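Below is one structure, written out as structure tokens, with a few remarks after it.
2 protein chains.
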Amino acid sequence: MNSNIEIKHIEKSKIDTVDFNNLPFGSVYSDHMLTCTFKDGKWQDAVVEPFAPISLDPSAKIFHYGQSIFEGMKAYKDADGNTLLFRPLDNCKRLNKSAERLVIPQIPEETFMNGLKALLKVDDAWIPTKEGSSLYIRPFMFASGNGFHASPADEYKFMICTAPSGAYFAGKVKVLIEEKYARAANGGVGFAKAGGNYAAQFYPTQLAIEKGYNQVIWTDDNTHEYIEEAGAMNIFIRINDTLITSPTNDRILDGITRKSIIQIAKDLGINVEVRKISVTEVIAAAKSGELKEMFGAGTAAVISPIAGFGFQENDYDLPELEKPYAALLKKTITDIQTNKAEDPYGWRVQL
Amino acid sequence: MNSNIEIKHIEKSKIDTVDFNNLPFGSVYSDHMLTCTFKDGKWQDAVVEPFAPISLDPSAKIFHYGQSIFEGMKAYKDADGNTLLFRPLDNCKRLNKSAERLVIPQIPEETFMNGLKALLKVDDAWIPTKEGSSLYIRPFMFASGNGFHASPADEYKFMICTAPSGAYFAGKVKVLIEEKYARAANGGVGFAKAGGNYAAQFYPTQLAIEKGYNQVIWTDDNTHEYIEEAGAMNIFIRINDTLITSPTNDRILDGITRKSIIQIAKDLGINVEVRKISVTEVIAAAKSGELKEMFGAGTAAVISPIAGFGFQENDYDLPELEKPYAALLKKTITDIQTNKAEDPYGWRVQL
Chain A
0 MNSNIEIKHI EKSKIDTVDF NNLPFGSVYS DHMLTCTFKD GKWQDAVVEP FAPISLDPSA
60 KIFHYGQSIF EGMKAYKDAD GNTLLFRPLD NCKRLNKSAE RLVIPQIPEE TFMNGLKALL
120 KVDDAWIPTK EGSSLYIRPF MFASGNGFHA SPADEYKFMI CTAPSGAYFA GKVKVLIEEK
180 YARAANGGVG FAKAGGNYAA QFYPTQLAIE KGYNQVIWTD DNTHEYIEEA GAMNIFIRIN
240 DTLITSPTND RILDGITRKS IIQIAKDLGI NVEVRKISVT EVIAAAKSGE LKEMFGAGTA
300 AVISPIAGFG FQENDYDLPE LEKPYAALLK KTITDIQTNK AEDPYGWRVQ L
Chain B
0 MNSNIEIKHI EKSKIDTVDF NNLPFGSVYS DHMLTCTFKD GKWQDAVVEP FAPISLDPSA
60 KIFHYGQSIF EGMKAYKDAD GNTLLFRPLD NCKRLNKSAE RLVIPQIPEE TFMNGLKALL
120 KVDDAWIPTK EGSSLYIRPF MFASGNGFHA SPADEYKFMI CTAPSGAYFA GKVKVLIEEK
180 YARAANGGVG FAKAGGNYAA QFYPTQLAIE KGYNQVIWTD DNTHEYIEEA GAMNIFIRIN
240 DTLITSPTND RILDGITRKS IIQIAKDLGI NVEVRKISVT EVIAAAKSGE LKEMFGAGTA
300 AVISPIAGFG FQENDYDLPE LEKPYAALLK KTITDIQTNK AEDPYGWRVQ L
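Protein chains in written order, with numbering that gives the first Met the number 0: chain A, 0 to 350; chain B, 0 to 350.
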């Protein structure tokens, strides 16, 4: 199904209005989008069409019951002008894991991949070539069916929009280890890229920003003793020469950047431990000088180095290293993503 | 502000197409809706306008980050044709509590109340008069501002739609005490009427339905030992002649029906205990015959009696009582709501 994607071209491209040398993140949208509707019990044909407003009944369940999920991906151009994706099928598989938990119909991998490729082909000119820039890709699904009863909808949209983007974060961030709020429950939806997970983070993040931090380090909701995520990213902590990250579970996102970093770090000879890491351990390592690095990992920022953190009214600075793992890992992964280095893993997909 | 609500009347009412004797719940919508937009840092003038689709950019944050909250209310007609609301200001205050947690701007109480009254006046003919029916009222707010960055939006909509409705549930329900999934984290958004809380419940509920139950009894996410909510309702448990309900906290909704029932039950001379109640205690009471009743409480169903529950592969039936508290409490509260009885509490608001 859906192997033939209908293309409805925009009448006049708006690409001339965009300054590709000064791109914000995720705020400028390409000419087209992919739309596929689930109704009458099945996915209808996907269409690439002009980027335009969506019209929904006020009773559409997306407005009331939060049935929405998304993915984040990037497309790059290499020096030869080829379009490159990074592990795109992993995004599709994770979208479907999120979909299962949120009772949204599974999107066939063929629809996802063919739709994505068709969209990127039509909007090829929108893929930035400038160093550090990329085409940010946002696949998302939501309940478009109607009703004020709290139950799954009978109609859904799967869409992909794209946004040529500069880098996500600038500079190192200061983070606050969270002791009161939490982003996910045991047996909840924390592992899914569900819209509601993100809205729930805004208030604690706002409180942290008011205290002078950029982001929150999320801890488990029961004891606040175990470190789980950093803002909307997975987290890595380097103690001496060992890189530690929390194991994934039903509260922690199975990040594609996270698992790529684990693999790359191991192959670079770095000792990686995937295990629970406690706040107590991190504080002790900070005090003894053994805490060398902390960084977030995610598609948007790739790697976001942390300059220091706050905990219980104390601030802890991380050292300025000459050769941090963060920089080495970021260069290694982005070189693979952008075809500046060999890809021994088969992660890079050329369109 | 917003004290003068602009009214844009529908050209032709669709009320003649509606069978008021066979109303589903929340699926038929009245002619008009209230819309108020927050932009440029402030709420713009509210308008009552024809119920019509909402047009949103695909990058609107509602589709991506789950910034959405809602309320549920009902309007009744009494025998004299007066329009009656039940504790409406409490809904407004709770909406604003939800808004704070989801970083949505506070809606002024004046806008909420004046807008609601203006809407109900215009759609007065839509308020059902049939016994058990009501006009279900759905105030909601969501992020209409755009951007693929996970941060609060810069534009929001506050809307009220209404739906003439029959009763929400028919008959007694069988429930399953949840041992794996959870609806709320400590320090999360469980107390708020956030859209994402509801989507997160669909999957566990679906599993329960597949096992032959109607709803899930939610327990705490850490131990699954304490009973928190019943489906999308608060829960009351009667052991001998004592009515027990969980205290509200950051995981449990501060239900308006819940607190009204606590007050009414006390004034009827029923012993009410607001305290944590464990699964162990409920099972023991079921086995000894001391467990007399369980029921959910919420705006839609008012009171939803539970016929029995499942726990760890065992099913427990509740006795058929001649004079259950559930029926007495439901009659008392709905008589107040519909002006069949005096309202010593000042809860009923006549338009």
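We put the beta carbon where it would ideally sit given N, CA and C, even for glycine. In this text the structure is predicted, and so the values were computed from the model without any measurement.
The Cβ atoms of A:V17 and A:L33 lie no closer than 8 angstroms to each other.
If you keep only unbroken beta strand (DSSP E) runs of at least 3 residues inside the segment 203-229 of chain B, you get 214-218 and 226-229. Within the model, the alpha-carbon separation for B:L115 versus A:N113 is close to 47 angstroms.
Collapsing the DSSP output to three states places B:V348 in a strand.
The Cβ of A:F147 sits closer than 8 angstroms to at least one Cβ of chain B. Those residues of the segment 54-66 of chain B placed with their C-beta closer than 7 angstroms to a C-beta in chain A are S54, L55, D56, P57, S58, I61, F62, H63, Y64, G65 and Q66, ordered along the chain.
If one requires a minimum length of 3 residues, the beta strand (DSSP E) runs lying completely within the segment 67-112 of chain B are 67-69, 72-76 and 82-85, in chain order. Contacts with chain A at 8 angstroms (Cβ-Cβ) do not include B:Y225. In the DSSP assignment, B:V188 falls outside any beta strand (DSSP E) and carries neither an H nor an E. Under the 8 angstroms Cβ criterion, the segment 188-207 of chain A counts as touching the segment 93-107 of chain B, having at least three qualifying pairs.
In the structure shown, the three-state DSSP call for A:G295 is strand. Between B:N233 and B:T244, the gap from beta carbon to beta carbon is short of 8 angstroms. A Cβ-Cβ contact shorter than 8 angstroms links A:D122 with A:T161. For B:L33, the enclosing beta strand (DSSP E) stretches over residues H31 to K38. Put simply, the CB of B:P138 is far from chain A, with every gap to its CB atoms at 8 angstroms or more. Around the beta carbon of A:T337, 16 or more other beta carbons sit within 10 angstroms, so the residue counts as buried.
By the neighbour-count criterion, in which a residue is buried when 16 or more other Cβ atoms sit within 10 angstroms of its Cβ, A:A325 is buried. Taking 7 angstroms as the Cβ-Cβ cut-off, the segment 25-58 of chain B approaches chain A at G25, S26, Y28, M32, F50, P52, I53, S54, L55, D56, P57 and S58, given in chain order. CA-to-CA, the gap between A:E177 and B:G187 works out to about 12 angstroms. Among the CB atoms of chain A, none fall inside 8 angstroms of the CB of B:Y75.
DSSP lists B:L242 and B:E292 as the beta-bridge partner residues of B:R237. Taking a contact to require three or more Cβ pairs closer than 8 angstroms, the segment 36-43 of chain B and the segment 78-95 of chain B do not qualify as touching. B:K129 is classed as exposed because its beta carbon has fewer than 16 other beta carbons within 10 Å across all chains shown. At a cut-off of 8 angstroms, the C-beta of A:F85 has no neighbouring C-beta in chain B. For A:I335, the enclosing alpha helix (DSSP H) covers residues Y324 to Q336. With contacts defined by Cβ atoms closer than 8 angstroms, B:L317 and B:I305 form a contacting pair. Non-local beta-carbon contacts of B:Q43 in its own chain, meaning distances under 6 angstroms to residues more than five positions away in sequence, involve T36 in chain order. Of the candidates A:K275, A:S277, A:I276 and A:I260, A:I260 places its Cα closest to the Cα of A:I269.
Going by beta carbons, B:A149 and A:Y64 fall outside the 8 angstroms limit.
C-alpha of A:L119 to C-alpha of A:P163: approximately 12 angstroms in a straight line.
By alpha-carbon distance to B:S143, the top candidate from B:F157, B:R137 and B:S133 is B:F157.
By the neighbour-count criterion, in which 16 or more other beta carbons inside 10 Å mark a residue as buried, B:S54 falls on the exposed side. In the DSSP assignment, A:E154 falls outside any beta strand (DSSP E), carrying neither H nor E. Secondary structure note for A:D266: its alpha helix (DSSP H) is the uninterrupted segment I255 to D266. A residue is called buried when at least 16 other Cβ atoms come within 10 angstroms of its Cβ; B:Y75 meets this threshold and is buried. Between the alpha carbons of A:T279 and B:F141 lies a distance of about 39 angstroms.
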